[in-house]
Amino acid sequence: MKGNVVLVSNLEADAQRRATRRSWLLSAPALLVLFFAASGPLLIVLVYSFLTSGEYGGIVWKFSTEAWFNVVFIRDIFDDSLGLADAHLRILWRSTKLSFITTAATLAIGFPTAYFIATRPLKSRNIWLFLVTIPFWTNLLIRTFAILEVIRNKGLVNMLLLKMGIIDSPIQMIFTDFAILVGMTYVYLPLMVLPLYASMERLDFNLVEAAYDLYATRAKVLWRVIIPLVKPGIVAGSILVFIPSLGAFVIPRVLGGGKKMMLGNLIELQFGAGRNWPLGAALSITLLSIVMIALLFYVRNMQNDTDGPR
Amino acid sequence: MTTTVIKKKPFSLKRQPGFGFIAIACFVMLYAPIFILIVFSFNIGENIAVWEGFSLQWYESAWNNEAVKDASVRSLVLALQASLYATILATMAALGTTRTRPFKGLTFIYVMINQPLMVPEIVTAVALLTLFAIIKTITGIQGMVYLVAAHTAFCIPFAYLPIRARLEGMDLMLETAAADLYATPWKTFQRVTLPLMWPGIIAGAMLAFVISLDDVVITEFVKSSGQETLPTYMLGQLRRIITPEINAISTVLVSLSISVVGVFFFIDRKFGK
Chain S
-7 MKGNVVLVSN LEADAQRRAT RRSWLLSAPA LLVLFFAASG PLLIVLVYSF
43 LTSGEYGGIV WKFSTEAWFN VVFIRDIFDD SLGLADAHLR ILWRSTKLSF
93 ITTAATLAIG FPTAYFIATR PLKSRNIWLF LVTIPFWTNL LIRTFAILEV
143 IRNKGLVNML LLKMGIIDSP IQMIFTDFAI LVGMTYVYLP LMVLPLYASM
193 ERLDFNLVEA AYDLYATRAK VLWRVIIPLV KPGIVAGSIL VFIPSLGAFV
243 IPRVLGGGKK MMLGNLIELQ FGAGRNWPLG AALSITLLSI VMIALLFYVR
293 NMQNDTDGPR
Chain H
14 MTTTVIKKKP FSLKRQPGFG FIAIACFVML YAPIFILIVF SFNIGENIAV
64 WEGFSLQWYE SAWNNEAVKD ASVRSLVLAL QASLYATILA TMAALGTTRT
114 RPFKGLTFIY VMINQPLMVP EIVTAVALLT LFAIIKTITG IQGMVYLVAA
164 HTAFCIPFAY LPIRARLEGM DLMLETAAAD LYATPWKTFQ RVTLPLMWPG
214 IIAGAMLAFV ISLDDVVITE FVKSSGQETL PTYMLGQLRR IITPEINAIS
264 TVLVSLSISV VGVFFFIDRK FGK
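Residue numbers (this note's numbering), protein chains in the order written: chain S, -7 to 302; chain H, 14 to 286.
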């Protein structure tokens, strides 16, 4: 009898092992491609950040922490005195600041929008949702370019304001932080609305009714009932907007016009005209680390929400 | 004598003051710039802010522009190849990671597959630039293979997600039934699993196609000279004087993306869970 039980459990373990091997075999080709053309190269960047830059770009195989040092500090070429790398810090600050404001702006616009969609009748909801999805699948460059056309000096906004006599000369909007902000808010808005909608769709309006029965005002219901219930959606949307904002490259390049750089443009500069690959690599790893920290924060937050007491 | 009647709206649980207004404004904001872009692609003059009359001349000039033609063909060929490879790889991976008991390493596979969604594109782009620079100096191999490899890799998660969703919603009973009727595992896959998976596979392939077609950042870093795709060509043009020709190209590209995504939505709603 006992032998049979052992045999059965052996057979089961065997089947399980085979299933696992099958899973690995089927996933292997995709993993290989991803390793060679996505995650593996990140290791090269990490290694490069500790090497010396070649005179005409590229790298020299000599260990150095100079690149990491140069992320924040600058060495005077004449007397080797140290100073803070103002330009880098300014760009780092601009990237963080603009990413936070973009996240806040998309939340301010996206929250009511997602709520609006979630409270439509079931049939029309899909149409509204489709309307949010379309811009999301439209080329990012084209959407940025569309914003450029609208806010340029000879663009539609300035033309209208001039015709109405509100202004005498066009307002310089492109090539400013404001332009980047408008562009990023416009481009990343769907990334905020979609996860917000996903959590609002499941909102139990009995709880809202209960709050009204207890004489809560509309504002109280919003702040004390709805927002706490859809918090996972708010966090997810914020992360989804914050991460691409921080790494934005096309938007600041088109709307900031090379004058207002963000981290992504600074990295490009080091690999291009700057000819300082190790510094570019160190900046890339810096950007990657900030993103990973944001993601970890998100994962922890999600776990707290599902495991913690309700 | 007049009596004022205070009309009171019936109390609605779901109403929040101002939300409807912001939502409508948001939709207008989302579409207005794209709409303006499309309208001015039909403008007679060179101006992209003052309407001067209807014409198709910018479409004509884009059509006759050799650089645009060249870039469009390259974009399409690249997107077709990358989405084909990504879909095959993603289908296999989805078969391997669904409908099995959780095992050690499953999380690792998930993280690896979704990695392109998490790492900022600019970081992946410079990483690929360094790797391909090394390979090029060692082997001397040139050509489209680098772009195809890069596009295939970042398209995998987009192809994988709908296929996995489809597989997870599928009924295992049908496959068990096929096995009970002495179908070999391969026959079961061919005659039962694969036909049921099709909507997911098509949806995944379409998303991958659109993602590859739209990519700017990674392509910009990986391409060699003379390997412009439509988006990198447009990015280069933005530095010069902008004519409505760019609007015309954009309009065509937008229509293509929207039709592909429209079909995707239709498939998703018709066959989705």
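All residues carry an ideal CB built from backbone N, CA and C; glycine is no exception. These figures come from a predicted structure and were not determined experimentally.
Review point. Below 8 Å, can you find three or more Cβ-Cβ pairs linking the stretch 17 to 29 of chain S to the stretch 123 to 135 of chain H?
Key: Under the 8 Å Cβ criterion, the stretch 17 to 29 of chain S counts as touching the stretch 123 to 135 of chain H, having at least three qualifying pairs.
Review point. Under the rule that 16 or more other beta-carbon atoms within 10 Å means buried, what is PRO301(S), buried or exposed?
Key: Because PRO301(S) carries a pLDDT of 41, less than 50, the predicted location of this residue cannot be relied on, and the following value inherits that uncertainty. Per the 10 Å Cβ criterion, exposed.
Practice item. Any chance you could list the beta strand (DSSP E) runs of at least 3 consecutive residues sitting entirely within the stretch 69 to 145 of chain S, in chain order? Key: Taken in chain order, the complete beta strand (DSSP E) segments of 3 residues or longer contained in the stretch 69 to 145 of chain S are 74 to 76.
**Study point:** Segment limits, beta strand (DSSP E) that includes LYS54(S)
**Key:** If you look at LYS54(S), you'll find it in the beta strand (DSSP E) that goes 51 to 55.
Review point. Does the stretch 39 to 50 of chain H touch the stretch 137 to 148 of chain S, meaning 3 or more C-beta pairs lie closer than 8 Å?
Key: yes
Point to revise | Short Cβ contact (8 Å threshold) for VAL64(S) with LEU81(S) | key: yes
Check your understanding: So, is the C-beta of ARG135(S) closer than 8 Å to a C-beta in chain H?
Key -> yes
**Study point:** Neighbouring residues, chain S, relative to SER263(H) (Cβ below 7 Å)
**Key:** Those within 7 Å of SER263(H) in chain S are ILE134 and PHE137.
Exercise for review: Tell me where the alpha helix (DSSP H) around ARG245(S) begins and ends.
Suggested key: 242 to 247
Point to revise | Short Cβ contact (8 Å threshold) for LEU142(H) with PHE241(S) | key: Not in contact: LEU142(H) and PHE241(S) (Cβ atoms no closer than 8 Å).
Practice item. Go ahead and pull the three-state DSSP assignment for LEU195(S). Key: coil
Check your understanding: Looking only at its own chain, which residues have a Cβ that is under 7 Å from the Cβ of SER87(S), when we skip the five neighbours before and after it?
Key -> LEU238, MET254 and LEU255
Practice item. Pull up the distance between the alpha-carbon of VAL37(S) and that of LEU271(S), whole angstroms please. Key: 10 Å
Check your understanding: Would you say PHE171(H) faces chain S, with C-beta separation under 8 Å as the test?
Key -> no
**Study point:** Integer-rounded CB distance, given that ARG177(H) should sit under 8 Å from THR110(H)
**Key:** 7 Å
Exercise for review: On the DSSP bridge assignment, give the partners of PHE67(H) in chain order.
Suggested key: Within the DSSP bridge table, the entry for PHE67(H) names ASN56(H) as partners.
Check your understanding: Using a Cβ-Cβ distance under 8 Å, would SER31(S) count as near chain H?
Key -> yes
Review point. Should the stretch 226 to 234 of chain S be called in touch with the stretch 124 to 132 of chain S, which here means at least 3 C-beta pairs below 8 Å?
Key: no
Point to revise | Euclidean distance between Cα positions of SER276(S) and ASP184(H) | key: 45 Å
Review point. Can you tell me whether MET156(S) is buried or exposed, with buried defined as 16 or more other CB within 10 angstroms of its CB?
Key: An exposed status is given to MET156(S), since fewer than 16 other beta-carbon atoms sit within 10 Å of its beta-carbon.
Review point. Is the shortest distance between the beta-carbon of LYS283(H) and the beta-carbons of chain S less than 8 Å?
Key: No, LYS283(H) lies away from the interface with chain S (no Cβ there is under 8 Å from its Cβ).
Review point. Taking Cβ-Cβ distances below 8 Å as the criterion, which residues of the stretch 21 to 45 of chain S are in contact with chain H?
Key: PRO21, ALA22, LEU23, VAL25, LEU26, PHE27, PHE28, ALA29, ALA30, SER31, GLY32, PRO33, LEU34, ILE36, VAL37 and TYR40
Review point. What's the C-alpha gap between PRO187(S) and THR95(S)?
Key: Approximately 14 Å, taken between the alpha carbons.
Practice item. Round the Cβ separation of GLY225(S) and ALA190(S) to the nearest angstrom and send it over; I've been treating them as touching at under 8 Å. Key: 6 Å
Review point. What do you get for LYS149(H), buried or exposed, if any count of 16 or more other CB atoms within 10 angstroms of its CB means buried?
Key: exposed
Check your understanding: Closest Cβ-Cβ distance between GLN8(S) and chain H: below 8 Å?
Key -> yes
Point to revise | Entirely enclosed alpha helix (DSSP H) segments - the stretch 231 to 284 of chain S, minimum 4 residues | key: 242 to 247 and 255 to 263
Check your understanding: Roughly how many angstroms separate the alpha carbons of ARG28(H) and TYR207(S), rounded to a whole number?
Key -> Approximately 16 Å between the Cα atoms of the pair.
Review point. Are the Cβ atoms of LEU280(S) and VAL132(H) separated by less than 8 Å?
Key: For LEU280(S) and VAL132(H), yes; Cβs fall inside 8 Å.
Check your understanding: Which residues mark the beginning and the end of the alpha helix (DSSP H) in which VAL132(H) is found?
Key -> According to the DSSP assignment, VAL132(H) belongs to no alpha helix (DSSP H), since it is labelled neither H nor E.
Review point. In chain order, what residues of the stretch 214 to 241 of chain S put their CB closer than 9 Å to some CB of chain H?
Key: LEU214, ILE218, ILE235, PRO236, LEU238, GLY239, ALA240 and PHE241
Practice item. For chain S, find out if any of its Cβ atoms is closer than 8 Å to the Cβ of SER272(H); answer yes or no. Key: Judged by the 8 Å Cβ criterion, SER272(H) is not in contact with chain S.
Exercise for review: Output yes if chain S places a C-beta closer than 8 Å to the C-beta of GLN128(H); else output no.
Suggested key: At least one chain S Cβ lies under 8 Å of GLN128(H).
Check your understanding: ALA11(S) to LEU119(H), Cα distance in whole Å?
Key -> 12 Å
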